[in-house]
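Asks: When you number the sequence shown by the numbering used here, it's gap-free, plus one each residue, and the end is 572.
I am attaching a structure below and will ask some questions about it afterwards.
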Amino acid sequence: MKQLALIPLIFFALVSLAQPSDKSSDYLQSEFHAARREALRAKLPANSVAVFFSNPVRNRSNDVSYVYHQDPEFYYLTGHKEPHSVLLVFKEDQKVKGKKFNEIIFVREHDALMELYEGARIGPEGAKEKLNIAMAFEGSSFGSFNLDFSKFDKVLFYDFQNDVRDTDEEGDLFDLISQFKEKIGYNQTDLNIEPQANNLDVSLLDLYMTELREIKTEEELDLLKKAINISAIGQVEVMKAMKPGMSETEVQGMHEFIFKKYRAEYEGYPSIVGAGHNGCVLHYIDNYKPAIEDGELILMDLGAEYHGYTADVTRTIPVNGKFTKEQKLVYDIVYEAQQAAADTCKAGLPFYTLYDATAEVVNEGLVELGLYKSTDKKDIVNPETGRNRYYPHGCCHHIGLDVHDKGIYDKLEENMVITIEPGIYIPEGSPSDQKWWNIPVRIEDDYLVTKDGCVLLSNLAPRTSEEIEKTMAQPSVFSDYTLPSLD
Ligand code: GLY
Ligand code: MN
Ligand code: MN
Numbered sequence: 086m087k088q089l090a091l092i093p094l095i096f097f098a099l100v101s102l103a104q105p106s107d108k109s110s111d112y113l114q115s116e117f118h119a120a121r122r123e124a125l126r127a128k129l130p131a132n133s134v135a136v137f138f139s140n141p142v143r144n145r146s147n148d149v150s151y152v153y154h155q156d157p158e159f160y161y162l163t164g165h166k167e168p169h170s171v172l173l174v175f176k177e178d179q180k181v182k183g184k185k186f187n188e189i190i191f192v193r194e195h196d197a198l199m200e201l202y203e204g205a206r207i208g209p210e211g212a213k214e215k216l217n218i219a220m221a222f223e224g225s226s227f228g229s230f231n232l233d234f235s236k237f238d239k240v241l242f243y244d245f246q247n248d249v250r251d252t253d254e255e256g257d258l259f260d261l262i263s264q265f266k267e268k269i270g271y272n273q274t275d276l277n278i279e280p281q282a283n284n285l286d287v288s289l290l291d292l293y294m295t296e297l298r299e300i301k302t303e304e305e306l307d308l309l310k311k312a313i314n315i316s317a318i319g320q321v322e323v324m325k326a327m328k329p330g331m332s333e334t335e336v337q338g339m340h341e342f343i344f345k346k347y348r349a350e351y352e353g354y355p356s357i358v359g360a361g362h363n364g365c366v367l368h369y370i371d372n373y374k375p376a377i378e379d380g381e382l383i384l385m386d387l388g389a390e391y392h393g394y395t396a397d398v399t400r401t402i403p404v405n406g407k408f409t410k411e412q413k414l415v416y417d418i419v420y421e422a423q424q425a426a427a428d429t430c431k432a433g434l435p436f437y438t439l440y441d442a443t444a445e446v447v448n449e450g451l452v453e454l455g456l457y458k459s460t461d462k463k464d465i466v467n468p469e470t471g472r473n474r475y476y477p478h479g480c481c482h483h484i485g486l487d488v489h490d491k492g493i494y495d496k497l498e499e500n501m502v503i504t505i506e507p508g509i510y511i512p513e514g515s516p517s518d519q520k521w522w523n524i525p526v527r528i529e530d531d532y533l534v535t536k537d538g539c540v541l542l543s544n545l546a547p548r549t550s551e552e553i554e555k556t557m558a559q560p561s562v563f564s565d566y567t568l569p570s571l572d
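What follows is the structure, given as structure tokens:
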């Protein structure tokens with residue numbers, strides 16, 4: 086806690102503080118999180134403790150914070166959505182004053198004034214009841230909590246970024262981290278140079294949590310499917326509504342309105358809406374173009390986050406509803422590439438086989454169109470970036486609580502949920518005929534890996550060029566949605 090602190094009233098601290106009774110019934114239940122802690126405990130080495138901190142609150146401007154988003158790992162293990170908390174998971178039962186326990190959580194204490202501005206805090210009693218963690222205390226008691234970390238063979242945690250601000254509150258995240266460092270005798274230099282010199286471990290936890298999180302449970306699959314359906318419906322409705330002259334911002338807003346209409350709380354990542362050459366910027370998030378032009382393609386990569394789980398779906402469509410000859414040729418190659426990987430995908434195969442399947446179709450297709458001389462590396466790789474010139478990214482990643490979810494990326498396994506997202510991007514100035522310039526195409530879908538193949542989860546959004554044109558010809562719910570002009 087800062088010493089000479091006045092208490093600034095954080096007028097717009099956008100901390101997520103839904104009352105438990107406001108929650109919809111399909112939230113993950115405390116039993117899910119307890120089972121995940123148990124699964125982690127089973128992986129921990131003998132005589133060890135794993136320590137997890139909540140995400141920091143980040144300043145946006147003056148006394149306004151960014152919307153708070155819990156650290157996905159902390160959420161996975163607790164369901165707790167508030168900041169300034171620390172969780173300890175012990176391998177074996179511990180005993181204090183005759184009381185046995187194998188996990189403890191420290192959470193924010195009640196504060197009538199802060200709760201007046203930000204809403205109710207769960208507090209230790211709420212943590213016991215709602216999170217189902219019997220040992221729950223206020224953060225301000227962590228420093229004096231009598232726990233000798235030196236008795237453990239291993240203390241596992243993620244190394245610190247040293248980017249957490251001190252606030253006026255006692256027991257805030259800054260205090261919790263400082264006190265933990267003191268308790269364990271933390272010294273970053275020792276940790277890096279002589280990892281064996283003490284009982285501290287900052288690498289194993291990542292492996293254990295990755296092994297857990299890359300395989301989805303039934304409850305997680307339900308939430309992922311919901312997030313994916315919402316995102317796919319967004320794509321369909323925007324296809325129907327799309328017109329030249331709309332702004333990229335407006336298109337983004339239509340998608341995100343649909344996310345909210347279905348009660349998705351957030352976007353899983355900043356929405357990417359790029360027309361023409363903007364679509365060639367892989368993670369373009371400015372979305373500023375005021376008037377999308379007739380004849381352009383628009384690339385829309387968006388994912389709703391529903392109760393923590395995020396989709397990742399991309400569609401590329403012709404703004405005026407009809408692909409040009411060149412656009413369609415490129416689009417259809419990307420579609421074939423995606424389909425080749427989807428046809429290959431099943432449990433047991435190495436992850437890289439998916440990329441290889443897409444790259445083969447893309448590279449051969451671009452040779453046929455005359456955009457590459459041959460499929461030799463020297464004719465494909467752009468020496469300036471070291472990447473393939475027109476397909477410069479990977480094709481697949483896990484999704485879950487993070488859009489690029491944790492994964493080992495060795496073999497595909499049942500109940501992984503992954504994207505397949507090949508693309509071709511031909512920016513202006515490329516060494517090709519100008520008729521290809523400013524064509525960006527990415528098609529990204531979400532798949533459940535099974536024993537025998539993979540299931541397309543984002544099937545509500547049309548994928549072929551023909552289906553897209555048909556959908557774009559349909560009437561839109563946004564047509565009657567007119568607002569007063571500001572001119
Ligand atoms: N939306 C980022 C990605 O597709 O990986
Ligand atoms: Mn993706
Ligand atoms: Mn994406």
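Don't be surprised by glycine CBs; every beta carbon is placed ideally from N, CA and C.
Please read these numbers as outputs of a predicted model, since none were measured by experiment.
Taking DSSP as the reference, what is the three-state secondary structure of residue 98?
Replies: With a pLDDT of 41 at residue 98, under the threshold of 50, the modelled position of this residue cannot be trusted; read the value that follows with caution. Coil.
Asks: Let me confirm a value: residue 412 is counted as buried when at least 16 other C-beta atoms fall within 10 Å, else exposed. Which label applies?
Replies: buried
Asks: Under a criterion of Cβ closer than 6 angstroms to any non-hydrogen atom of ligand 2, which residues qualify, in chain order?
Replies: 397, 482, 504, 506, 529
Asks: Tell me the DSSP secondary structure of residue 154 in three-state form.
Replies: In this structure, residue 154 counts as coil in the three-state DSSP scheme.
Asks: List, from N- to C-terminal side, the alpha helix (DSSP H) runs of 4 residues or more that fit wholly inside the stretch 359-436.
Replies: 410-429
Asks: Beta carbon of residue 250, beta carbon of residue 491: below 8 angstroms?
Replies: Result no, Cβ atoms of residue 250 and residue 491 do not sit closer than 8 angstroms.
Asks: Is residue 133 helix, strand or coil when you go by DSSP?
Replies: strand
Asks: Determine the extent of the alpha helix (DSSP H) in which residue 313 is found, giving its start and end residues.
Replies: 303-326
Asks: Who does residue 285 pair with in a DSSP beta bridge?
Replies: 240
Asks: CB residue 506 to CB residue 535, shorter than 8 angstroms?
Replies: no
Asks: Using DSSP bridges, identify the partner residues of residue 141.
Replies: In the DSSP output, where bridge partners are listed per residue, residue 141 has none listed.
Asks: Cα-Cα, which of 447, 300, 430 is closest to residue 419?
Replies: 447
Asks: Where do the ends of the alpha helix (DSSP H) carrying residue 556 lie?
Replies: 550-557
Asks: Determine the extent of the beta strand (DSSP E) in which residue 527 is found, giving its start and end residues.
Replies: 524-527
Asks: Tell me the DSSP secondary structure of residue 214 in three-state form.
Replies: helix
Asks: Suppose you measure from the CA of residue 144 to the CA of residue 150; what does that come to, to the nearest Å?
Replies: 4 angstroms
Asks: What separation, rounded to the nearest whole angstrom, lies between the Cα atoms of residue 82 and residue 379?
Replies: The chain is shown only over 86 to 572; residue 82 falls outside these bounds and no answer can be derived.
Asks: Within a Cβ cutoff of 8 angstroms, which residues of the same chain sit near residue 162, ignoring the five residues on either side of it in sequence?
Replies: 118, 121, 122, 125, 137, 172, 174
Asks: Assign residue 114 to buried or exposed, taking buried as 16 or more other Cβ atoms, counted over all protein chains shown, within 10 Å of its Cβ.
Replies: exposed
Asks: In three-state DSSP terms, what is residue 185?
Replies: strand
Asks: Quick one, which of 508, 231, 344, 189 has its alpha-carbon nearest residue 313's?
Replies: Ranking 508, 231, 344, 189 by Cα distance to residue 313 puts 344 first.
Asks: In the DSSP assignment, find the beta strand (DSSP E) that holds residue 252 and state where it starts and stops.
Replies: No beta strand (DSSP E) contains residue 252, which DSSP labels as neither H nor E.
Asks: Please classify residue 568: is it buried, with 16 or more other beta-carbons within 10 angstroms of its beta-carbon, or exposed?
Replies: exposed
Asks: Measuring only the C-alpha atoms, how far is residue 431 from residue 337?
Replies: 34 angstroms
Asks: Span of the beta strand (DSSP E) holding residue 502?
Replies: 502-505
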